[in-house]
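A short write-up of the structure that comes next.
2 protein chains.
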Amino acid sequence: MDKAWIAAACPQPSEQHRLAAAARQDALTKPPGSLGILESLAIRLAALQQRALPGASTVPIVLFAGDHGITAQGVSAYPSAVTVEMLRNFARGGAAIAVLARELGVQLHVVDAGTLAEEPVEGVVVDKPRRGTRDFSLEQAMGNDELHFAFAAGRRAVERITAGGADVLILGEMGIGNTTSAAAIAAALLGARAEDVVGAGTGMTSDGISHKARVIEAALSRHRLDGDTVAALDVLANVGGLEIAALVGAMIAAAQARVPVLVDGFIVTVAALAAVRINESCAPWLIYSHRSMERGHRLVLDALGADPILDLKLRLGEGSGAATALPILRLACALHAGMATFEEAQISGPDL
Amino acid sequence: MDKAWIAAACPQPSEQHRLAAAARQDALTKPPGSLGILESLAIRLAALQQRALPGASTVPIVLFAGDHGITAQGVSAYPSAVTVEMLRNFARGGAAIAVLARELGVQLHVVDAGTLAEEPVEGVVVDKPRRGTRDFSLEQAMGNDELHFAFAAGRRAVERITAGGADVLILGEMGIGNTTSAAAIAAALLGARAEDVVGAGTGMTSDGISHKARVIEAALSRHRLDGDTVAALDVLANVGGLEIAALVGAMIAAAQARVPVLVDGFIVTVAALAAVRINESCAPWLIYSHRSMERGHRLVLDALGADPILDLKLRLGEGSGAATALPILRLACALHAGMATFEEAQISGPDL
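Each protein sequence line maps, in turn, to chains A and B. Residues in the first sequence are numbered consecutively from -10, following my numbering. Residues in the second sequence are numbered consecutively from -10, following my numbering.
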């Protein structure tokens, strides 16, 4: 198995296209800077896509699903069975992300990267090294080969889905128990206390949240991930999730292929943190879509220096926050391409 | 002239539809509340529109333009000529709001509610009591009949534009000098110091901003609007703008006709504050779209108890922030209507 690709350098954004886009923004009929983040998004996309006029028309969504052995410790409000039940709901179009994909006119691709499903679900690609992770309170969540299989599953999905071209890629996730795994990864990578990154997930009470934090603290100690320096690969193998590892692989593969990624909420942002720790050159390709209500998200975003586009008090996952931010990207591109310049419109400049 | 309509009571949202929409949200396949503001927007729209499934398809934009005598005092970075130049840019499709309207598939209606234009601009409805306001540092910005003419111009626009039905109405504005008028209105209505509500407008330097604040303080003192209790009608006549008065009239008329209004940035929010002071029953119909970079916006939003949808560092006006928030409303409506319930999707509920 080729394991070296995950660390191979990603290309960097085009400074030339960034400067040209910034100059165009300053010539458009508005006070310079007055479109705020709509300007900076257009400029950033121009640099990433290496185009004078960036676009966000073709934006496939890839959702990776996985199950988590840690649910045996009572860390989630919902049973693991819901993960596979939701796979059917994604495929049949009843889940939030499926509705958003329809409304936005984009394709939703669902990958079973490690659920407990024994049989394939119609409309879902199966690409998993095992059914669910092991209970990380007792043993490693996955072996090293399983981790690299999941990375490669992420890459395979990106290659398959962006083969026909993609302006931007949206990544989402589903997996009962995965806020516990994500919080454990975040605590280990940030050197933070579990209680500072643990949130309600799908809806735990405050007692449940305290229990979840204790389970994570004990696991980080057992796996010796509570020191000052930990390796991201060790963290993922010990307390990660298969869908989270697939997200990491997908992000790095997208960046290597020059496809900007619109990052969703807590889980996907934790995957982004791991991706950046493993391969720092992918960082410029990650656009943060929203600040979620999940407690640890803020800490992880701060560590990444991220200032997300939206803050809509979401905490669903599935890629729903990233999908909700897509129209903002589209409007930013439309303004960049469609507005008249002061010269074209023959409008007076500032009084000097 | 009928002047009493402005105070006539607006109907109130339907509690029955609000409760039904909230119950539907809790039955959809997601943890309750996990779609945050996307849930609360759908519920609120259902109550306003009195529908089980609210919508935001037909959403005309009305932009009122006006000029301001106060520009003689050097309070804007751009000359007054830009207001009329921009009217042409709106009509020809080169301005930000025109691009947004096209991209969103909604109609843009531009009303000259009081610009200096001597001749009609093609594609712009002229409905003004005078060309520009008087310089409010020296005299009343407008007379009482002119104020009520501008209110009625707002109402006429709403009647004309929503005649064929409108799910929501977007209100925008354009007028060189209108952040000065809006800041004066806000300071008077909130009993705030001018320096706390004055911002850069189209791009003043810090010296320019200080000058603008001094001009406003002096004017409020001259018109005796610096006391504890001031009447909103007096404030608008003394230091208001014709497009701002038209916005006030349009908001109240829309609320009276059961049409929810998506409120734009600083200027439109100040008009909302005046509208609520004049006719408190319009308040439930006003949905705040975004928090702008203009300094006083936060104070005015706080006074209205508003928590806007977006915070994109915009400071353009024209209705651009409200238009940018429209896709969020549309996605909220699509999720409300299109998601499966737990029962329909046969998905397990929480572990109890």
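C-beta atoms are modelled at their ideal positions from N, C-alpha and C, and glycine is treated no differently.
- Using a Cβ-Cβ cut-off of 9 Å, A:S337 is close to Y67, P68, A70, V71 and E74 of chain B, given in chain order.
- At a Cβ-Cβ threshold of 9 Å, A:L231 and A:G121 count as neighbours.
- In the three-state reduction of the DSSP assignment, B:F125 falls in the coil class, being assigned neither a helical nor a strand state.
- By the rule that beta-carbons nearer than 9 Å mark a contact, B:S199 does not touch chain A.
- Per DSSP, the continuous alpha helix (DSSP H) segment holding A:L178 begins and ends at N167 to L179.
- The C-beta of B:E283 has 16 or more other C-beta atoms within 10 Å across all chains shown, which makes the residue buried.
- Within chain A, A66, Y67 and P68 have C-beta atoms less than 7 Å from the C-beta of B:D340, given in sequence order.
- Following the DSSP letters along the chain, one finds A:A54 inside the beta strand (DSSP E) bounded by residues I50 to G55.
- For B:E333, the nearest CB of chain A lies under 9 Å from its own CB, placing it at the interface with that chain.
- Interface criterion met: the Cβ of B:K302 is under 9 Å from a Cβ in chain A.
- Annotation for A:M75: the continuous alpha helix (DSSP H) segment containing it runs A70 to R81.
- Using a CB distance cut-off of 9 Å, A:M(-10) does not count as an interface residue toward chain B.
- Restricting attention to B:Q96, B:S281, B:V114 and B:V95, the CA atom closest to the CA of B:T104 is found in B:V114.
- Bounds of the beta strand (DSSP E) holding B:A102 are L97 to G103.
- Taking the C-beta atoms as reference points, B:T60 is found no nearer than 9 Å to B:S46.
- Put simply, the CB of A:E107 is far from chain B, with every gap to its CB atoms at 9 Å or more.
- Between the C-alpha atoms of A:A84 and A:V100 there is a straight-line separation of about 15 Å.
- Of the candidates B:F140, B:P339, B:L93 and B:V95, the residue whose Cα lies closest to the Cα of B:D116 is B:F140.
- Residue pairing for B:E162: DSSP places it in a beta bridge opposite B:F53.
- Inter-residue distance for B:G180 and B:I86 is about 33 Å (C-alpha atoms, whole angstroms).
- Classified as exposed, A:Q5 has fewer than 16 neighbouring CB atoms from the shown chains inside 10 Å of its CB.
- Within chain B, no C-beta atom comes less than 7 Å from the C-beta of A:A54; the nearest is roughly 14 Å away.
- Per the C-alpha coordinates, the member of B:L76, B:G161, B:A54 and B:W(-6) positioned closest to A:S337 is B:L76.
- Nearest in C-alpha terms to B:S210, of all of B:I174, B:A189 and B:I233, is B:I174.
- Within the same chain, and ignoring the five residues on either side of A:L42 in sequence, the residues whose Cβ sits closer than 8 Å to its Cβ are A35, C322, H325 and A326.
- For A:L236, the enclosing alpha helix (DSSP H) stretches over residues L231 to Q245.
- Pairing A:G164 with A:T330, the inter-Cα distance amounts to about 48 Å.
- Secondary structure of A:H286 (DSSP, three-state): helix.
- Counting along the chain, A:L275 sits inside the beta strand (DSSP E) bounded by residues L275 to Y277.
- Closer than 9 Å at the C-beta level to chain B, one finds these residues of the segment 83 to 98 of chain A: G83, A84, A85, A87, V88, L89, R91, E92 and L93.
- Using beta-carbon distances, B:M282 counts as an interface residue toward chain A, with a partner under 9 Å.
- Within chain B, no residue has its CB atom less than 9 Å from the CB of A:L34, the nearest being about 15 Å off.
- The criterion of a C-beta distance shorter than 9 Å is satisfied by B:G143 and B:F53.
- In this structure the segment 214 to 233 of chain B lies against the segment 256 to 270 of chain B, because at least three pairs of beta carbons, one per stretch, are closer than 8 Å.
- Residue environment analysis places B:T191 among the buried positions, since at least 16 neighbouring C-beta atoms fall within 10 angstroms of its C-beta.
- Contacts with chain A (Cβ-Cβ distance below 7 Å) from the segment 137 to 166 of chain B involve no residue at all.
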